[in-house]
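Q:
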Amino acid sequence: MRLLAAGLVVITVITIVLLQLLPPDGPGSAYAQWGWRIPFAIGFVLSAAIFLYYLRSVPESELWTRMPKADRPLRTLLRGRNARSLGLAFLVGTGAWLTLDATVGVFAGHLKGLGTHPPPSTRPSSPRR
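Residues 33 to 161, numbered by the working numbering, are exactly what the sequence shown covers, in order.
1) Restricting to Cα atoms, I'd like to know which of Leu123, Ile70 and Gly125 is closest to valine 45.
2) Taking phenylalanine 76 as the reference, give the member of Leu106, Ile43 and Ala102 with the closest Cα.
3) If I measure Cβ to Cβ from asparagine 114 and keep anything under 8 angstroms in the same chain, skipping five residues before and after, which residues do I get?
4) Take glycine 39 and list the residues in its own chain whose beta-carbon comes closer than 7 angstroms to its own, dropping the five residues that flank it on each side.
5) Between Gly60, Trp68 and Asp103, which lies nearest to leucine 50 when the distance is taken from Cα to Cα?
6) For valine 90, name the three-state secondary structure that DSSP assigns.
7) Can you list, in chain order, the residues of its chain with a C-beta nearer than 7 angstroms to that of glutamate 92? Leave out the 5 residues immediately preceding and following it.
8) What first and last residue would you give for the alpha helix (DSSP H) that runs through aspartate 133?
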C-alpha cells in the first residue's frame, strides 16, 4: 500500500513539474500536443518495475504448486463452468464500464453548466415601464 501511495506522490510531483516546464496555454501548447503523455509513460515504467519485483520476489502459493497442470489451459478456461464464469465476469465488467462512462458523460454535461447562469433570485431585475 505504501508503494502505491509513493507512486501517486511521484506521478503528482512529475505532473506539477511538467506543468511548470510546459504550461498548458491552449490546444497548440507543447503540453497539449505531447507533454500530457509523459506522466503516463513514467507510470508505465514504474508499473513494469513493480511487476518485475513482485514476479521475482513473491513465491507461488502452495495450493498453486500442488494443482495439476492443464495440457491446454486456454481450452480449459473457455469450456464448461470456467467459460460461464469468464462470461459473467466479462458481462459485469462491461456493464460497470458502460455505466461509469455514461455517468461521467452525463455529469460532465451537468457540471459544465454550473455557475454560468446566476440563480433567478439574484438576477438583476429589468426596469418596469
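All residues carry an ideal CB built from backbone N, CA and C; glycine is no exception. Since this is a predicted model, take the numbers as computed values, not measurements.
A: This is what the structure holds:
1) Ile70
2) Ile43
3) Thr108
4) Leu78
5) Trp68
6) coil
7) none
8) 112 to 144
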